[in-house]
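K.L.:
Input: one structure, supplied below.
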Amino acid sequence: MVLALHGAVTCQVADALWIVPPQCGVWIPGGMPHSNRATANARLCYLFTEPDVIALPQQCCTLSISPMVREMILHLADVPHDDDGVGGHVDRLARVLLDELALMPMERLSLPVTDHAKIREMADALHANPADRSTVAQWAKRLAMSERSLARLVVAETGLSFGRWRQQLHLLIAVRELASGVTVQQVSADLGYESVTAFITMFKKALGKPPAKYLSSVSQNGGSAIVM
(Lines of atoms letter the chains of each structure in order from A and count residues from 1; the text may use other names and numbers.)
(Lines give C-alpha, C1' and ligand atoms only; values in the text may rest on other atoms or scores of the structure.)
Protein backbone atom coordinates (compact mmCIF):
# COMPACT_ATOMS: atom_id res chain seq x y z
CA MET A 1 0.00 0.00 0.00
CA VAL A 2 1.21 3.49 -0.89
CA LEU A 3 0.18 6.08 1.68
CA ALA A 4 0.26 9.77 0.75
CA LEU A 5 1.12 11.79 3.85
CA HIS A 6 1.39 14.98 1.84
CA GLY A 7 0.85 15.84 -1.81
CA ALA A 8 -0.56 13.10 -4.02
CA VAL A 9 0.46 10.04 -6.02
CA THR A 10 -0.96 8.56 -9.23
CA CYS A 11 -0.93 4.77 -9.54
CA GLN A 12 -1.42 3.15 -12.94
CA VAL A 13 -2.32 -0.51 -13.44
CA ALA A 14 -3.37 -2.38 -16.56
CA ASP A 15 -7.02 -1.35 -16.57
CA ALA A 16 -7.23 1.80 -14.45
CA LEU A 17 -5.61 4.94 -13.15
CA TRP A 18 -5.84 5.68 -9.42
CA ILE A 19 -5.25 8.96 -7.61
CA VAL A 20 -4.24 9.09 -3.95
CA PRO A 21 -4.87 12.45 -2.23
CA PRO A 22 -3.29 13.41 1.11
CA GLN A 23 -3.90 10.99 3.99
CA CYS A 24 -5.25 8.27 1.71
CA GLY A 25 -3.61 5.11 0.44
CA VAL A 26 -3.81 2.97 -2.67
CA TRP A 27 -3.88 -0.78 -2.14
CA ILE A 28 -2.04 -2.75 -4.82
CA PRO A 29 -2.48 -6.56 -4.59
CA GLY A 30 0.64 -8.70 -4.79
CA GLY A 31 1.87 -9.60 -8.26
CA MET A 32 0.07 -6.73 -9.98
CA PRO A 33 2.32 -4.73 -12.35
CA HIS A 34 1.96 -1.03 -11.62
CA SER A 35 3.70 2.32 -11.73
CA ASN A 36 3.52 5.24 -9.31
CA ARG A 37 4.07 8.91 -10.02
CA ALA A 38 4.15 11.36 -7.11
CA THR A 39 3.69 15.11 -7.12
CA ALA A 40 6.79 17.21 -6.45
CA ASN A 41 5.66 18.00 -2.91
CA ALA A 42 4.67 14.44 -2.03
CA ARG A 43 5.70 12.63 1.13
CA LEU A 44 4.93 8.93 0.87
CA CYS A 45 5.01 5.86 3.08
CA TYR A 46 4.96 2.26 1.81
CA LEU A 47 3.41 -0.69 3.61
CA PHE A 48 4.18 -4.24 2.45
CA THR A 49 2.16 -7.26 3.60
CA GLU A 50 1.92 -10.92 2.71
CA PRO A 51 -1.06 -11.33 0.34
CA ASP A 52 -2.87 -13.86 2.52
CA VAL A 53 -2.82 -11.97 5.83
CA ILE A 54 -5.02 -8.98 5.00
CA ALA A 55 -8.70 -8.88 4.06
CA LEU A 56 -8.50 -6.41 1.20
CA PRO A 57 -9.75 -6.82 -2.40
CA GLN A 58 -7.85 -8.62 -5.13
CA GLN A 59 -7.91 -5.43 -7.20
CA CYS A 60 -6.59 -1.94 -6.63
CA CYS A 61 -8.55 0.47 -4.47
CA THR A 62 -8.00 3.81 -2.77
CA LEU A 63 -8.63 3.82 0.98
CA SER A 64 -9.35 6.67 3.37
CA ILE A 65 -6.82 6.30 6.17
CA SER A 66 -7.86 7.31 9.67
CA PRO A 67 -5.42 9.28 11.87
CA MET A 68 -5.05 6.26 14.16
CA VAL A 69 -4.11 3.90 11.33
CA ARG A 70 -1.74 6.48 9.87
CA GLU A 71 0.07 6.83 13.19
CA MET A 72 0.25 3.04 13.61
CA ILE A 73 1.90 2.75 10.19
CA LEU A 74 4.40 5.51 10.99
CA HIS A 75 5.16 3.95 14.37
CA LEU A 76 5.82 0.52 12.86
CA ALA A 77 8.06 2.12 10.23
CA ASP A 78 10.34 3.32 13.05
CA VAL A 79 10.42 0.04 14.98
CA PRO A 80 13.87 -1.65 14.88
CA HIS A 81 14.07 -4.74 12.67
CA ASP A 82 14.91 -6.94 15.67
CA ASP A 83 11.35 -6.74 17.03
CA ASP A 84 9.96 -8.85 19.85
CA GLY A 85 8.87 -11.77 17.68
CA VAL A 86 5.57 -13.58 17.14
CA GLY A 87 3.11 -12.80 19.88
CA GLY A 88 5.11 -9.82 21.09
CA HIS A 89 4.00 -6.19 21.24
CA VAL A 90 5.03 -5.31 17.68
CA ASP A 91 3.40 -8.44 16.29
CA ARG A 92 0.14 -7.64 18.10
CA LEU A 93 0.24 -4.05 16.86
CA ALA A 94 0.79 -5.22 13.27
CA ARG A 95 -2.18 -7.56 13.51
CA VAL A 96 -4.42 -4.77 14.81
CA LEU A 97 -3.20 -2.55 11.97
CA LEU A 98 -4.11 -5.16 9.35
CA ASP A 99 -7.56 -5.59 10.91
CA GLU A 100 -8.12 -1.82 10.92
CA LEU A 101 -6.96 -1.42 7.31
CA ALA A 102 -9.65 -3.86 6.19
CA LEU A 103 -12.26 -1.52 7.74
CA MET A 104 -11.10 1.68 6.05
CA PRO A 105 -13.70 3.16 3.63
CA MET A 106 -12.91 3.21 -0.06
CA GLU A 107 -12.52 6.35 -2.15
CA ARG A 108 -13.80 6.13 -5.71
CA LEU A 109 -10.94 8.01 -7.28
CA SER A 110 -10.13 5.88 -10.29
CA LEU A 111 -10.39 6.11 -14.05
CA PRO A 112 -11.09 2.91 -16.01
CA VAL A 113 -8.56 2.67 -18.85
CA THR A 114 -8.41 -0.45 -20.99
CA ASP A 115 -5.77 -1.81 -23.33
CA HIS A 116 -7.98 -1.07 -26.32
CA ALA A 117 -5.83 1.01 -28.68
CA LYS A 118 -8.52 3.62 -29.37
CA ILE A 119 -9.36 4.18 -25.70
CA ARG A 120 -5.69 4.28 -24.73
CA GLU A 121 -4.93 6.82 -27.45
CA MET A 122 -7.77 9.04 -26.31
CA ALA A 123 -6.82 8.72 -22.64
CA ASP A 124 -3.18 9.60 -23.31
CA ALA A 125 -4.17 12.61 -25.40
CA LEU A 126 -6.64 13.92 -22.81
CA HIS A 127 -4.17 13.39 -19.99
CA ALA A 128 -1.57 15.39 -21.91
CA ASN A 129 -4.09 18.11 -22.78
CA PRO A 130 -7.05 17.93 -20.34
CA ALA A 131 -8.39 21.26 -21.63
CA ASP A 132 -9.32 19.54 -24.92
CA ARG A 133 -13.12 19.86 -25.17
CA SER A 134 -13.56 17.89 -28.37
CA THR A 135 -16.93 16.21 -28.75
CA VAL A 136 -17.49 12.50 -29.28
CA ALA A 137 -18.03 13.26 -32.98
CA GLN A 138 -14.70 15.09 -33.20
CA TRP A 139 -12.88 12.29 -31.40
CA ALA A 140 -14.54 9.71 -33.65
CA LYS A 141 -13.24 11.54 -36.70
CA ARG A 142 -9.69 11.58 -35.27
CA LEU A 143 -9.89 7.88 -34.49
CA ALA A 144 -11.42 6.96 -37.87
CA MET A 145 -14.65 5.73 -36.33
CA SER A 146 -18.31 6.69 -36.45
CA GLU A 147 -19.66 8.71 -33.55
CA ARG A 148 -22.05 5.93 -32.55
CA SER A 149 -19.31 3.28 -32.67
CA LEU A 150 -16.99 5.33 -30.45
CA ALA A 151 -19.75 6.11 -27.94
CA ARG A 152 -20.58 2.41 -27.70
CA LEU A 153 -16.92 1.44 -27.43
CA VAL A 154 -16.30 3.81 -24.50
CA VAL A 155 -19.28 2.39 -22.61
CA ALA A 156 -18.31 -1.20 -23.40
CA GLU A 157 -14.67 -0.75 -22.36
CA THR A 158 -15.04 1.57 -19.35
CA GLY A 159 -18.62 1.23 -18.15
CA LEU A 160 -19.05 5.01 -18.44
CA SER A 161 -20.41 7.35 -21.07
CA PHE A 162 -17.81 9.51 -22.81
CA GLY A 163 -18.90 12.62 -20.88
CA ARG A 164 -18.77 10.86 -17.50
CA TRP A 165 -15.44 9.23 -18.33
CA ARG A 166 -13.84 12.56 -19.27
CA GLN A 167 -15.28 14.20 -16.15
CA GLN A 168 -13.73 11.44 -14.02
CA LEU A 169 -10.37 12.12 -15.67
CA HIS A 170 -10.78 15.80 -14.84
CA LEU A 171 -11.53 14.94 -11.22
CA LEU A 172 -8.40 12.84 -10.89
CA ILE A 173 -6.25 15.55 -12.42
CA ALA A 174 -7.93 18.22 -10.28
CA VAL A 175 -7.36 16.33 -7.01
CA ARG A 176 -3.74 15.62 -7.93
CA GLU A 177 -2.98 19.21 -8.91
CA LEU A 178 -4.79 20.76 -5.94
CA ALA A 179 -2.90 18.44 -3.58
CA SER A 180 0.37 19.58 -5.15
CA GLY A 181 -0.43 23.20 -4.32
CA VAL A 182 -1.89 24.50 -7.60
CA THR A 183 -4.66 27.06 -7.12
CA VAL A 184 -8.30 26.37 -7.90
CA GLN A 185 -8.21 29.11 -10.53
CA GLN A 186 -5.24 27.55 -12.32
CA VAL A 187 -6.67 24.03 -12.19
CA SER A 188 -9.95 25.33 -13.60
CA ALA A 189 -8.11 26.99 -16.49
CA ASP A 190 -5.91 23.95 -17.14
CA LEU A 191 -9.01 21.75 -17.43
CA GLY A 192 -10.62 24.10 -19.92
CA TYR A 193 -13.52 25.36 -17.83
CA GLU A 194 -15.05 28.65 -18.91
CA SER A 195 -15.19 29.88 -15.32
CA VAL A 196 -13.96 28.92 -11.87
CA THR A 197 -17.57 28.69 -10.74
CA ALA A 198 -18.32 26.03 -13.36
CA PHE A 199 -15.33 23.98 -12.20
CA ILE A 200 -16.26 24.27 -8.52
CA THR A 201 -19.85 23.27 -9.30
CA MET A 202 -18.66 20.14 -11.15
CA PHE A 203 -16.22 19.24 -8.36
CA LYS A 204 -18.80 19.72 -5.60
CA LYS A 205 -21.45 17.73 -7.46
CA ALA A 206 -19.08 14.80 -7.94
CA LEU A 207 -17.24 14.76 -4.60
CA GLY A 208 -19.73 16.40 -2.26
CA LYS A 209 -17.56 19.39 -1.32
CA PRO A 210 -15.93 22.32 -3.10
CA PRO A 211 -12.18 21.86 -3.78
CA ALA A 212 -10.81 23.76 -0.76
CA LYS A 213 -13.08 22.00 1.73
CA TYR A 214 -12.46 18.62 0.14
CA LEU A 215 -8.67 18.93 0.39
CA SER A 216 -8.99 20.27 3.92
CA SER A 217 -11.17 17.35 4.97
CA VAL A 218 -8.87 14.64 3.63
CA SER A 219 -5.84 16.35 5.16
CA GLN A 220 -7.38 16.80 8.60
CA ASN A 221 -9.51 13.72 8.91
CA GLY A 222 -7.50 11.14 7.02
CA GLY A 223 -9.90 10.95 4.13
CA SER A 224 -13.64 10.98 3.62
CA ALA A 225 -15.90 8.53 1.87
CA ILE A 226 -17.00 9.69 -1.57
CA VAL A 227 -20.35 8.92 -3.13
CA MET A 228 -20.53 9.16 -6.93
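Position 96 (the sequence shown) corresponds to 82 in the numbering used here; numbering is contiguous. Note that the Cβ used here is the ideal one computed from N, Cα and C, for glycine as well. A quick note: this is a predicted structure, and the numbers were derived from the prediction, not measured.
Among ALA80, SER52, ALA24 and GLU143, which has the Cα closest to the Cα of VAL65?
P.N.:
The shortest C-alpha separation from VAL65 is found at ALA80.
K.L.:
Helix, strand or coil for GLY(-7)? Go by DSSP, reduced to three states.
P.N.:
Coil, per DSSP.
K.L.:
Looking at C-alpha atoms only, which residue of ASP1, LEU87 and ILE159 is the closest neighbour of ILE105?
P.N.:
For the residues ASP1, LEU87 and ILE159, the minimum Cα distance to ILE105 belongs to ASP1.
K.L.:
For the segment 38 to 115, which segments carrying the alpha helix (DSSP H) assignment without a break, of at least 4 residues, lie completely within its bounds, in sequence order?
P.N.:
Correct list: 53 to 64, 75 to 87 and 103 to 114.
K.L.:
Secondary structure at SER241, three-state DSSP: helix, strand or coil?
P.N.:
With the chain represented from -13 up to 214, any question about residue 241 goes unanswered, as that position is not in the structure.
K.L.:
Could you check whether CYS(-3) and CYS46 sit closer than 8 Å to each other, using their CB atoms as the reference points?
P.N.:
Cβ distance < 8 Å, so CYS46 and CYS(-3) count as in contact.
K.L.:
Should the segment 186 to 201 be regarded as contacting the segment 20 to 39, the criterion being three or more beta carbon pairs within less than 8 Å?
P.N.:
No, they do not touch.
K.L.:
How long is the line joining the alpha carbons of LEU201 and ARG56, rounded to whole angstroms?
P.N.:
Cα to Cα, LEU201 sits roughly 17 Å from ARG56.
K.L.:
Which same chain residues end up closer than 6 Å to LEU62 when comparing Cβ atoms and leaving out the 5 residues on each side of it in sequence?
P.N.:
Nothing listed; no residue qualifies.
K.L.:
So is ALA130 buried or exposed if we call it buried at 16+ other beta carbons inside 10 Å?
P.N.:
So ALA130 counts as exposed.
K.L.:
By how many angstroms is the C-alpha of TRP4 removed from the C-alpha of ALA175?
P.N.:
Each residue's alpha carbon lies about 23 Å from the other.
K.L.:
For MET90, is the classification buried or exposed, using 16 other Cβ atoms within 10 angstroms of its Cβ as the cut-off for buried?
P.N.:
It counts as buried.
K.L.:
According to DSSP, is ILE212 helix, strand or coil?
P.N.:
Since pLDDT at ILE212 reaches only 29, below the 50 mark, its modelled position is unreliable, and the value read off the structure follows with that caveat. The answer is coil: DSSP assigns ILE212 none of H, G, I, E or B.
K.L.:
Where does VAL12 land, buried or exposed, given buried means 16+ other C-beta within 10 angstroms?
P.N.:
Classification for VAL12: buried.
K.L.:
Can you tell me whether DSSP reads GLN30 as helix, strand or coil?
P.N.:
Residue identity differs from the one stated: residue 30 is Leu in this sequence, not Gln. Strand.
K.L.:
Taking the alpha carbon of ASN115 as the point to measure from, which residue in VAL173, LEU49, HIS75 and SER166 has its own alpha carbon closest?
P.N.:
Measuring from the Cα of ASN115, the nearest candidate turns out to be VAL173.
K.L.:
My output table needs one value for LEU146: the three-state DSSP class, helix, strand or coil.
P.N.:
In the structure shown, LEU146 sits in coil (DSSP, three-state: anything other than H, G, I, E or B).
K.L.:
Do you know how far the Cα of LEU(-9) is from the Cα of LEU30?
P.N.:
Using only the alpha carbons, I get a separation of about 6 Å.
K.L.:
In angstroms with no decimal places, state the Cα-to-Cα distance between LEU87 and HIS20.
P.N.:
Computed Cα separation, rounded: 21 Å.
K.L.:
What distance in whole Å lies between the Cβ atoms of VAL122 and ALA142, which are believed to be in contact at a cut-off of 8 Å?
P.N.:
In fact, because the Cβ distance is near 14 Å, the residues do not count as touching under 8 Å.
K.L.:
Name, in chain order, the residues that DSSP records as bridge partners for LEU3.
P.N.:
Beta-bridge pairing links LEU3 to GLN(-2) and LEU97.
K.L.:
Does the Cβ-Cβ distance between VAL6 and VAL(-5) come in under 8 Å?
P.N.:
Cβ atoms of VAL6 and VAL(-5): closer than 8 Å.
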